[in-house]
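Okay, so here's the structure we're looking at.
Numbering (the numbering used here), first residue to last: 1171 to 1245.
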């Protein structure tokens, strides 16, 4: 099972094939070539190192809120 946590694109590299993505303070280099267009500030879902879906900001924030509530309930 996989939990798809949204990440926020911080910057796109010079090739346009990879982005620096923030996952709650942890940044990862993510392939973005599978998506049509990705810009800084976008939210993406990543699987196996590649962005596979772009989310609207509201949807991403709602999902992040749900994950936070889940984490707090497990404390």
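Idealized CB from N, CA, C, for every residue including glycine.
Reference residue i, options the options, closest by Cα
i            : options                   : result
residue 1184 : 1217, 1201 and 1178       : 1201
residue 1179 : 1217, 1224, 1240 and 1172 : 1224
residue 1212 : 1227, 1186, 1242 and 1219 : 1227
residue 1203 : 1194, 1214 and 1244       : 1214
residue 1188 : 1194, 1216 and 1196       : 1216
Sub-8 Å separation of residue i and residue j beta-carbons
i            : j            : result
residue 1208 : residue 1198 : no
residue 1221 : residue 1205 : yes
residue 1210 : residue 1175 : no
Three-state class that DSSP yields for residue i in the structure shown
i            : result
residue 1223 : strand
residue 1241 : helix
residue 1174 : coil
residue 1246 : Outside the displayed span of the chain (1171 to 1245) sits residue 1246, for which this structure offers no information.
residue 1229 : helix
residue 1236 : helix
residue 1201 : strand
Sequence-distant residues of the same chain with beta carbon closer than 7 Å to residue i, five excluded per side
i            : result
residue 1233 : 1176
residue 1194 : none
Residues near residue i by beta carbon distance below 8 Å, same chain, minus five either side
i            : result
residue 1173 : 1237
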